[in-house]
Amino acid sequence: MAQAPCLLSLFIWIATYAAAPVEALRVIELKAPKSPTRGSTVTLECRYDLEKDQLYSVKWYKDGIEFLRYVPNDRPRIQAFKIRGLNVNVASSNDTTAVLDHVQNSASGNYSCEVSAEAPTFDVGVAEKRLVVAETPISIDQPPIGILGGSVRLNCAHNLGGSPLYSFKWFKDDKVFYTFTPGNRPPGKMFNVQGVTVDRLQGNYSSLYLKNLSALSAGAYRCEASFDAPPFLTVQDKKMLAVIKQRDMRPHITYDRESYQVGEFVRLNCTSSRSRPVPKLAVYVNDRLLIDADVRTKVDTHPDGFQVTTLSANIPVKQHDVSRAALRVKCQASFVGLYEAVAEMAIPVGQHTGDHKAPYQHQRSQHKQPSQRQSHLGPISSIQDECLTKAMEILARAWAAYQ
């Protein structure tokens, strides 16, 4: 009988909200390009109307796996989770959009955005869209990275649908270095462009072999094919080539002290290996991407043309980030959006002054499923609180069954 007033209060509360005017969260649609081409940038837009609700989170999924999350009350507000075949541009994404760079065929799939509201409604809305990455009539197939003194093959596959070829051209950074015109004699012609050395004994007009790579060989390579029949179209494709000085492309992590205490700051530097162009660096603390204002980046150019980029960050040592007396830090170098090199380190953290423990043996990290929303209720100290706790338990079960 003691539970009767509690349950009666619960039913009155539910009836009150059930009878209230419906002004709930609505997810209108997920907008996406109809048929993006391979190598392009794709912007996914989640259109929703919160009505009078407050936004709790926006989560993005590909084939049921979360790859991006926006929570306005978190710091940082936006987090990316690695999925093979997706290159998420975190800096360009926000509370309504997810931006994917250099999409490949592996980016095709079913995408969904899930929008959640804060209390008291806790409404959730979902919109879905299928994305299919299409091939282009012309496509460059080349290694994204070459090594100093080595060679790479530039292969430009093209399908003109049976139309005769009028001309075929190769460019580096918009400077033409080779043309092929079947009606000319000779049909092929080379032009001098700094950093480009073509081995004429190998390949043909659509498959060139570059040798003696240097820092000056790095850049944007483009092939262009023109039709010799109506509608006289010209199609093209472009790919970036990075050149590295050594095979080990992992960045180097340094920090300013041997050990830290909770509440202090780690002054950390992440420095790339020599390359051109420099990779994009990102630092993660326990798989959480650092994107706040404390992150600074600078680029140094050496006399041989190769460059080094350094990302500096002031990382606060927080108790919940410390595991086994260490702070797990990962530095990721992304080359031309296609290749990644990762360095990881466990930075020693003592629980108290003078407490110095060895860091645990770390291994490559994996993203974990996000924890559930925490209750904001205080300690239970009265019969009314117990009643409220039971009511919340019943609501939680009902909510779980509804989901």
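Counting from 1, one number per residue, gives the positions in the sequence shown under UniProt numbering. Glycine residues also receive a C-beta, built at the ideal position from the N, C-alpha and C atoms. These numbers come from a predicted model, not from an experiment.
Checklist line | Residues near E135 in its chain [Cβ-Cβ closer than 7 angstroms; skip 5 each side] | finding: Within the sequence shown, residue 135 is the residue found at index 135, counting from 1. Excluding sequence neighbours, E135 sits near R38.
Next item on the list: Classify S92 as buried or exposed, calling it buried when 16 or more other Cβ atoms lie within 10 Å of its own Cβ.
Entry: Numbered from 1 along the sequence shown, position 92 holds the residue referred to as residue 92. Exposed.
Notebook entry, point to check: How many angstroms separate the CA atom of E80 from the CA atom of T271?
Noted result: On the sequence shown, position 80 is the one that residue 80 refers to. On the sequence shown, position 271 is the one that residue 271 refers to. The residue you asked about is not Glu; residue 80 is Ala in the sequence shown. Cα-Cα distance, rounded: 22 angstroms.
Item checked: Whole-angstrom C-beta distance between R276 and A215, which should lie under 8 angstroms -> The residue you call residue 215 lines up with position 215 of the sequence shown. The residue you call residue 276 lines up with position 276 of the sequence shown. With 8 angstroms as the limit, A215 and R276 qualify as a contact, their Cβ atoms being about 4 angstroms apart.
Check: Straight-line CA distance for V99 to R247?
Finding: The residue given as residue 99 occupies position 99 in the sequence shown. The residue given as residue 247 occupies position 247 in the sequence shown. Whole-angstrom Cα-Cα distance: 30 angstroms.
Notebook entry, point to check: Can at least three beta-carbon pairs, one atom from the region 280 to 288 and one from the region 177 to 187, be found at a separation below 8 angstroms?
Noted result: No, they do not touch.
Notebook entry, point to check: What whole-angstrom Cβ distance do R69 and I83 have, given they're in contact under 8 angstroms?
Noted result: Residue numbering aside, residue 69 sits at position 69 when the sequence shown is read from its first letter. Residue numbering aside, residue 83 sits at position 83 when the sequence shown is read from its first letter. Actually they do not touch by this definition, with Cβ atoms about 13 angstroms apart.
Notebook entry, point to check: Do you know how far the Cα of K318 is from the Cα of G354?
Noted result: On the sequence shown, residue 354 is found 354 positions in, with the first residue counted as 1. On the sequence shown, residue 318 is found 318 positions in, with the first residue counted as 1. Model confidence at G354 stands at a pLDDT of 38, short of 50, so the residue's coordinates are unreliable; what they give is reported in the following sentence. The straight-line gap from Cα to Cα measures roughly 18 angstroms.
Next item on the list: Within 10 angstroms of the Cβ of N89, are there 16 or more other Cβ atoms? Answer buried if so, exposed if not.
Entry: Position 89 of the sequence shown, counting from 1, holds the residue named residue 89. Looking at its Cβ environment, which holds 16 or more other Cβ atoms inside 10 Å, N89 is buried.
Item checked: When L165, A127, D174 and F191 are compared against P182, the one with the closest alpha-carbon -> For the purposes of this step, residue 182 is identified with residue 182 of the sequence shown, where counting begins at 1. The residue with the shortest Cα to Cα distance from P182 is L165.
Checklist line | Minimum C-alpha distance to S206 - residue among K239, M190 and W170 | finding: Numbered from its first residue, the sequence shown carries residue 206 at position 206. Nearest option by C-alpha distance: W170.
Margin query: Only counting the same chain, and skipping five residues up and downstream in sequence, which positions put a Cβ closer than 7 angstroms to that of G85?
Written below: By one-based count along the sequence shown, residue 85 stands at place 85. Here the set comprises Q104, S106 and A107.
Check: Going by DSSP, what residues sit across from S57 in a beta bridge?
Finding: Here residue 57 is taken as the residue at index 57 of the sequence shown, counted from 1. S116.
Item checked: Residue from S116, D174 and R267 whose Cα sits closest to the Cα of Q51 -> By one-based count along the sequence shown, residue 51 stands at place 51. One detail in the question is off: residue 51 reads as Glu in this sequence, not Gln. Selected option, being the one with the closest Cα: S116.
Check: If L30 and Y111 are in contact, beta carbons under 8 angstroms, what's the gap, nearest whole angstrom?
Finding: Stepping through the sequence shown from its first residue, residue 30 is reached at position 30. Stepping through the sequence shown from its first residue, residue 111 is reached at position 111. Contact holds; Cβ gap of about 7 angstroms.
Next item on the list: Can you give me the start and stop residues for the beta strand (DSSP E) that G188 sits inside?
Entry: Position 188 of the sequence shown holds residue 188. Taken as a continuous stretch (DSSP letters only), the beta strand (DSSP E) holding G188 covers G188 to M190.
Next item on the list: Starting from the N-terminal side, write out each stretch of the beta strand (DSSP E) that is 3 residues or longer and does not extend beyond the region 126 to 164.
Entry: DSSP assignment within the region 126 to 164 yields the following whole beta strand (DSSP E) runs of 3 residues or more, N-terminal first: 138 to 141, 145 to 147 and 152 to 158.
Next item on the list: Go to N269, then tell me how far its beta strand (DSSP E) extends in each direction, as first and last residue.
Entry: By 1-based counting over the sequence shown, the position of residue 269 is 269. Start and end: F265 to T271.
Item checked: First and last residue of the uninterrupted beta strand (DSSP E) at Y48 -> The sequence position of residue 48 within the sequence shown is 48, counting from 1. DSSP places Y48 in the uninterrupted beta strand (DSSP E) bounded by V42 to D49.
Notebook entry, point to check: Tell me, which residues are paired with D237 by DSSP?
Noted result: Residue mapping note: residue 237 aligns to position 237 of the sequence shown, counting from 1. Note: D237 is bridge-paired with C223 in the DSSP secondary-structure output.
Note to self: Per the DSSP calculation, R26 is bridged to which residue(s)?
What the structure shows: Your numbering for residue 26 matches position 26 in the sequence shown. Bridge partners of R26: D49.
Notebook entry, point to check: Nearest-angstrom Cα distance between N212 and V176?
Noted result: The sequence position of residue 212 within the sequence shown is 212, counting from 1. The sequence position of residue 176 within the sequence shown is 176, counting from 1. Answer to the nearest angstrom: the Cα atoms are 19 angstroms apart.
Next item on the list: Have a look at K239, N159 and T234 and flag the residue whose alpha-carbon is nearest the alpha-carbon of K172.
Entry: Taking the sequence shown and counting its residues from 1, the one referred to as residue 172 is at position 172. Comparing C-alpha distances from K172 to each of K239, N159 and T234 shows the shortest one belongs to K239.
Notebook entry, point to check: Where does D199 sit, in a helix, a strand or coil, going by DSSP?
Noted result: Residue 199 sits at position 199 when you count from the first residue of the sequence shown. D199: coil per DSSP, three-state reduction.
Checklist line | Selected residue, minimal CA-CA separation from A229, among Q332, G161 and L289 | finding: Position 229 of the sequence shown holds residue 229. Residue nearest to A229 within the set Q332, G161 and L289 is G161 (criterion: CA-CA distance).
Notebook entry, point to check: I253 lies in the beta strand (DSSP E); which residues open and close that run?
Noted result: The residue labelled residue 253 in the question sits at position 253 within the sequence shown. Run containing I253: H252 to Y255, per the beta strand (DSSP E) assignment.
Item checked: Same chain, Cβ closer than 7 angstroms to Y48, five either side skipped, listed in chain order -> For the purposes of this step, residue 48 is identified with residue 48 of the sequence shown, where counting begins at 1. Hits under 7 angstroms: L25, R26, V27, I28, V115 and G125.
Check: Roughly how many angstroms lie between the CA atoms of F265 and V336, to the nearest whole one?
Finding: Position 265 of the sequence shown, counted from the start, is the residue given in the question as residue 265. Position 336 of the sequence shown, counted from the start, is the residue given in the question as residue 336. Looking at the two C-alpha atoms, the distance is approximately 32 angstroms.
Margin query: For M345, report the span of its beta strand (DSSP E) as first-last.
Written below: Translated into the one-based positions of the sequence shown, residue 345 becomes position 345. Note, M345: beta strand (DSSP E), Y339 to G350.
Notebook entry, point to check: Of the residues K34, D237 and R250, which one's Cα is nearest the Cα of I140?
Noted result: Sequence index remark: in the sequence shown, residue 140 carries index 140 (1-based). Nearest option by C-alpha distance: D237.
Margin query: For K129, which residues in the same chain have their Cβ closer than 6 angstroms to its Cβ, ignoring the five residues on either side in sequence?
Written below: Position 129 of the sequence shown, counted from the first residue, corresponds to residue 129. If we look at K129 and ignore the five residues flanking it on each side, its Cβ neighbours are L30, A32 and Y111.
Item checked: Three-way DSSP call (helix, strand, coil) for S207 in this model -> As a working mapping, residue 207 is identified with position 207 in the sequence shown. Reduced to three states, the DSSP call for S207 is strand.
Note to self: Could you tell me which whole beta strand (DSSP E) segments of length 3 or greater appear in the region 271 to 339?
What the structure shows: Listed in chain order, the complete beta strand (DSSP E) runs (minimum 3 residues) inside the region 271 to 339 are 280 to 285, 296 to 301, 307 to 316 and 326 to 335.
Item checked: Integer Cβ distance of G263 from L241, believed to fall under 8 angstroms -> Reading the sequence shown from its first residue, position 263 is the one you call residue 263. Reading the sequence shown from its first residue, position 241 is the one you call residue 241. In this structure G263 does not touch L241 by the C-beta definition: roughly 46 angstroms separates them, more than the 8 angstroms allowed.
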